[in-house]
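Participant: A single structure is presented below for examination.
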């Protein structure tokens, strides 16, 4: 008999108003232990306000916030001791070294942290050799890494990363993604990840919530949510004309466009092998099958609706 | 956790270049005053003693280290608040401007503890500034000018204090001066809780001091009722220790007013800091 996974975050009907401005109207979602949880929404959807509320940086107007099964408002200190976070951009004391910054935040985390542990964490995020350098000389990517080091120093159970890849170059994005996966796989952390880069979420998250205009639109398993959706699939074939003629007879398949040797189709996942089989039976060679921007399309569809 | 946070605040103040501006400025100003008095001090003394020369004979080392310390304390107590506000006004708002307040307030330590540790560190910085000024004025002053009786010019006459009767007056005078400067540090910290940039609280603190000082000096009946309650009226209370006999009622009243200001302002700061939504 398997027990259901423990809920680490339970947010129910969160509301935050600033006077007449309604930043969050009705946001609800749950994060389970071990999740890499994607938190998605367009600019101004209320993601940062929700995250700040979860970290007690902002007081909610209404709603319930439970973390680790306890109410945030009455158990702030205990809850925050189990969380590591980066909110928006990782800002540090520029006039202090990387090592001093980590030590300084570690002192407020309620655990005894040794110099060796600080160095170990700095090495883990790939900043070995830069411990003594002042943060003022760090690039944005290095600050992000230092931010992650800061989140890990007290070995938290939940890590909240708000837009961790914003402003990074492609290599930086890959590095941070790998670091997040390492945290999940090697350190068994639960990670709540807010990002604009949908492909990132698709690659690393197992569950997600999408919010818009301060309201939850949908939440659940990434696979379940996306599998029920039509995909855009690109078939690279030997004879595009013949392939188009073959598919036009099937009303369940929508042809989006053709580009060179490729034909783009709106289909469900289950239709892909059937189409492939039909092409082969008709003597049309299939060179490649590629699904395109699955989450991006799903996200835009939800937001635009 | 509170002491860890306080230790952090000491590290931050010690690492900030702006913290040394105050010490540098005091060294420079006191140095200039001492050198100027060494070169041309007797002219200054004769200006003070001129009205009394027909009835009094002045003997001994009048231009001495004690007089230097008194003059310097009197001159700088007006300007030190700027140096204090420069650091304490930045304690909360500087974190907001830098963005570090987001990380700081997501730690398990309570907001009240964070604010009080900042306040304690700010008070310690204020003490260091005052002690440095005391060291420069008293010790360097005595090294350069020797010791002697202290001559204090008042609006209604001249008070001569024996050399053996001065040290304790400086000690208590510095204590009350410290209370006045802590009051400035509290005001700057409180204003810092309302701001998201570093400059605002510093300028506002100086603005309040200038406004209250103007009100205190204007001889308008309307202001007479509020003057006794303005902290600026009591900023120079340390001077009372150089009177003979000591005006104890006046001293106790000044200490009470300054203390009440500190408690009320700190209460406002704690309330505001706890209620504050961190949007930066």
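Protein chains in written order, with my numbering: chain A, 1212 to 1516; chain B, 805 to 1084.
Think of the CB as a built atom: it goes at the ideal place given N, C-alpha and C, for glycine as much as any other residue.
Since this is a predicted model, take the numbers as computed values, not measurements.
At a CB-CB cut-off below 8 angstroms, which residues of chain A make contact with residue 1053 (chain B)?
Facilitator: As a position in the second chain, residue 1053 (chain B) is number 249, starting the count at 1. Ordered by position in chain A, no residue passes the 8 angstroms Cβ test against residue 1053 (chain B), which lies about 46 angstroms from the chain.
Participant: Look at residue 1361 (chain A) and residue 907 (chain B) and say whether their C-beta atoms are less than 8 angstroms apart.
Facilitator: Looking up residue 1361 (chain A) in the first chain gives position 150. Looking up residue 907 (chain B) in the second chain gives position 103. Yes, the Cβ-Cβ distance between residue 1361 (chain A) and residue 907 (chain B) is below 8 angstroms.
Participant: Would you say residue 1282 (chain A) faces chain B, with C-beta separation under 8 angstroms as the test?
Facilitator: As a working note, residue 1282 (chain A) is residue 71 in the first chain. Closer than 8 angstroms: no.
Participant: Quick check on residue 1379 (chain A): does DSSP put it in helix, strand or coil?
Facilitator: In the first chain, the residue the question calls residue 1379 (chain A) occupies position 168. In the structure shown, residue 1379 (chain A) sits in coil (DSSP, three-state: anything other than H, G, I, E or B).
Participant: For residue 929 (chain B), go through chain A and note every residue whose CB falls closer than 7 angstroms to its CB, in chain order.
Facilitator: If you number the second chain from 1, residue 929 (chain B) lands on position 125. Residues of chain A passing the Cβ test: none, with the nearest at roughly 16 angstroms.
Participant: Determine, using beta-carbon pairs with one atom in the segment 1288 to 1296 of chain A and one in the segment 1448 to 1464 of chain A, whether at least three such pairs fall under 8 angstroms.
Facilitator: no
Participant: Between residue 1228 (chain A) and the rest of its own chain, which residues show a CB-CB distance below 6 angstroms, the 5 nearest in sequence each way excluded?
Facilitator: Within the first chain, numbered from 1, the residue matching residue 1228 (chain A) stands at position 17. Taking C-beta separations shorter than 6 angstroms and ignoring five residues to either side along the sequence, the partners of residue 1228 (chain A) in its chain run 1272, following chain order.
Participant: I'd like to confirm the pairing. Which residues does DSSP put opposite residue 1427 (chain A) in its beta bridges?
Facilitator: Within the first chain, the letter at position 216 stands for residue 1427 (chain A). Looking at the DSSP assignment, residue 1427 (chain A) forms a beta bridge with A:1422.
Participant: What first and last residue would you give for the beta strand (DSSP E) that runs through residue 866 (chain B)?
Facilitator: Start at 1 with the first residue of the second chain, and residue 866 (chain B) comes out as number 62. Taken as a continuous stretch (DSSP letters only), residue 866 (chain B) belongs to no beta strand (DSSP E), as it is neither H nor E.
Participant: Hey, residue 864 (chain B) and residue 969 (chain B): beta-carbon distance below 8 angstroms or not?
Facilitator: As a working mapping, residue 864 (chain B) is identified with position 60 in the second chain. As a working mapping, residue 969 (chain B) is identified with position 165 in the second chain. Not a contact, by the Cβ cut-off of 8 angstroms.
Participant: Since residue 1298 (chain A) meets chain B, which of its residues come closer than 8 angstroms, beta carbon to beta carbon?
Facilitator: Numbered from 1 along the first chain, position 87 holds the residue referred to as residue 1298 (chain A). Ordered by position in chain B, the residues that pass the 8 angstroms Cβ test against residue 1298 (chain A) are 906, 907 and 910.
Participant: Could you name the residues of the segment 1256 to 1275 of chain A whose beta carbon sits closer than 8 angstroms to any beta carbon of chain B, in the order they occur along the chain?
Facilitator: Against chain B - using a Cβ distance shorter than 8 angstroms - the residues of the segment 1256 to 1275 of chain A are 1263, 1266, 1267, 1268, 1269 and 1270.
Participant: In the segment 1222 to 1270 of chain A, which residue ranges form an unbroken beta strand (DSSP E) of at least 3 residues, counting only runs that do not cross its ends?
Facilitator: 1232 to 1243 and 1247 to 1251
Participant: With C-beta atoms as the reference, is residue 1034 (chain B) less than 8 angstroms away from residue 892 (chain B)?
Facilitator: Locating residue 1034 (chain B) in the second chain gives position 230, counting from the first residue. Locating residue 892 (chain B) in the second chain gives position 88, counting from the first residue. Their beta carbons are not under 8 angstroms apart, which means residue 1034 (chain B) does not touch residue 892 (chain B) by this criterion.
Participant: Looking at the C-beta of residue 1366 (chain A), does it have a partner C-beta in chain B at a distance below 8 angstroms?
Facilitator: Residue mapping note: residue 1366 (chain A) aligns to position 155 of the first chain, counting from 1. No - not a single Cβ of chain B is within 8 angstroms of the one on residue 1366 (chain A).
Participant: Of all the residues that make up the segment 864 to 888 of chain B, which are near chain A by a beta-carbon distance shorter than 8 angstroms?
Facilitator: none
Participant: To the nearest whole angstrom, what separates the beta carbons of residue 1405 (chain A) and residue 1258 (chain A), a pair I think is in contact under 8 angstroms?
Facilitator: For the purposes of this step, residue 1405 (chain A) is taken as the residue at position 194 of the first chain. For the purposes of this step, residue 1258 (chain A) is taken as the residue at position 47 of the first chain. At roughly 5 angstroms, the Cβ-Cβ gap stays under 8 angstroms, so residue 1405 (chain A) and residue 1258 (chain A) are in contact.
Participant: Would the segment 874 to 892 of chain B count as touching the segment 977 to 987 of chain B if we require 3 or more Cβ pairs under 8 angstroms?
Facilitator: yes
Participant: Near residue 1386 (chain A), what residues of its chain come up, given a Cβ to Cβ distance below 6 angstroms and the 5 sequence neighbours on each side ignored?
Facilitator: For the purposes of this step, residue 1386 (chain A) is taken as residue 175 along the first chain, with counting starting at 1. Excluding sequence neighbours, residue 1386 (chain A) sits near nothing in its chain.
Participant: Taking its Cβ as the centre, do 16 or more other Cβ atoms sit within 10 Å of residue 997 (chain B), making it buried, or is it exposed?
Facilitator: In the second chain, counting from the first residue as 1, residue 997 (chain B) sits at position 193. Buried, because 16 or more other Cβ atoms sit within 10 Å of the Cβ of residue 997 (chain B).
Participant: To the nearest angstrom, report how far apart residue 848 (chain B) and residue 841 (chain B) are at their CA atoms.
Facilitator: On the second chain, position 44 is the one that residue 848 (chain B) refers to. On the second chain, position 37 is the one that residue 841 (chain B) refers to. Looking at the backbone, the Cα of residue 848 (chain B) and that of residue 841 (chain B) are separated by about 8 angstroms.
Participant: Any C-beta of chain A within less than 8 angstroms: which residues of the segment 1013 to 1036 of chain B qualify?
Facilitator: none
Participant: Below 9 angstroms on C-beta distance, what does residue 1355 (chain A) contact in chain B?
Facilitator: Residue 1355 (chain A) sits at position 144 when you count from the first residue of the first chain. Neighbours of residue 1355 (chain A) on chain B: none; closest Cβ ~13 angstroms, over 9 angstroms.
Participant: Please go through the same chain and pick out, in chain order, the residues whose beta-carbon is closer than 7 angstroms to the beta-carbon of residue 1514 (chain A), but skip the five residues on each side of it.
Facilitator: Residue mapping note: residue 1514 (chain A) aligns to position 303 of the first chain, counting from 1. Result list for residue 1514 (chain A): 1253 and 1423, in chain order.
Participant: Quick one: Cα of residue 1442 (chain A) to Cα of residue 1506 (chain A), how far?
Facilitator: The count along the first chain starts at 1 and reaches residue 1442 (chain A) at position 231. The count along the first chain starts at 1 and reaches residue 1506 (chain A) at position 295. Cα-Cα distance, rounded: 9 angstroms.
Participant: Which of the three DSSP states, helix, strand or coil, is assigned to residue 1446 (chain A)?
Facilitator: Walking along the first chain from the start, residue 1446 (chain A) turns up at place 235. Strand.
Participant: My assumption, with CB atoms under 8 angstroms, is that residue 949 (chain B) sits in contact with residue 832 (chain B). Please give the rounded CB distance.
Facilitator: Here residue 949 (chain B) refers to the residue found at position 145 when the second chain is read from its first residue. Here residue 832 (chain B) refers to the residue found at position 28 when the second chain is read from its first residue. Not really, about 19 angstroms apart at Cβ, beyond 8 angstroms.
Participant: Reducing DSSP to helix, strand and coil, say where residue 1467 (chain A) ends up.
Facilitator: Indexing the first chain from 1 puts residue 1467 (chain A) at position 256. Strand at residue 1467 (chain A).
Participant: Tell me which residues share the same chain as residue 909 (chain B) and place their Cβ nearer than 8 angstroms to its Cβ, disregarding the 5 neighbours each side in the sequence.
Facilitator: Within the second chain, the letter at position 105 stands for residue 909 (chain B). For residue 909 (chain B), where only same-chain residues beyond five positions count, the Cβ hits under 8 angstroms are 915, 918 and 1082.
Participant: Chain B beta carbons: is any one of them nearer than 8 angstroms to that of residue 1315 (chain A)?
Facilitator: Start at 1 with the first residue of the first chain, and residue 1315 (chain A) comes out as number 104. Chain B, which has a Cβ nearer than 8 angstroms to the Cβ of residue 1315 (chain A), makes this yes.
Participant: Using DSSP's beta-bridge definition, name the partner residues of residue 1501 (chain A).
Facilitator: In the first chain, the residue the question calls residue 1501 (chain A) occupies position 290. Residue 1501 (chain A) pairs with A:1445.
Participant: Across which residues does DSSP place residue 1273 (chain A) in a beta bridge pair?
Facilitator: By one-based count along the first chain, residue 1273 (chain A) stands at place 62. Note: residue 1273 (chain A) sits in a beta bridge opposite A:1226.
Participant: Take every Cβ of the segment 1377 to 1394 of chain A, pair it with every Cβ of the segment 1304 to 1311 of chain A, and state whether three or more of those distances are shorter than 8 angstroms.
Facilitator: Contact fails: fewer than three Cβ-Cβ distances are below 8 angstroms.
Participant: In chain A, which residues lie less than 7 angstroms from residue 903 (chain B) when you measure between Cβ atoms?
Facilitator: Locating residue 903 (chain B) in the second chain gives position 99, counting from the first residue. Correct list: 1300 and 1302.
Participant: Contact defined as beta carbons within less than 8 angstroms: I believe residue 995 (chain B) pairs with residue 1009 (chain B). What is the distance between those atoms, to the nearest angstrom?
Facilitator: Counting from 1 along the second chain, the entry for residue 995 (chain B) is found at position 191. Counting from 1 along the second chain, the entry for residue 1009 (chain B) is found at position 205. Rounded, the Cβ-Cβ distance is 6 angstroms, consistent with contact.
Participant: Please list the residues of the segment 914 to 941 of chain B that have a C-beta atom closer than 7 angstroms to any C-beta atom in chain A, keeping them in chain order.
Facilitator: 914
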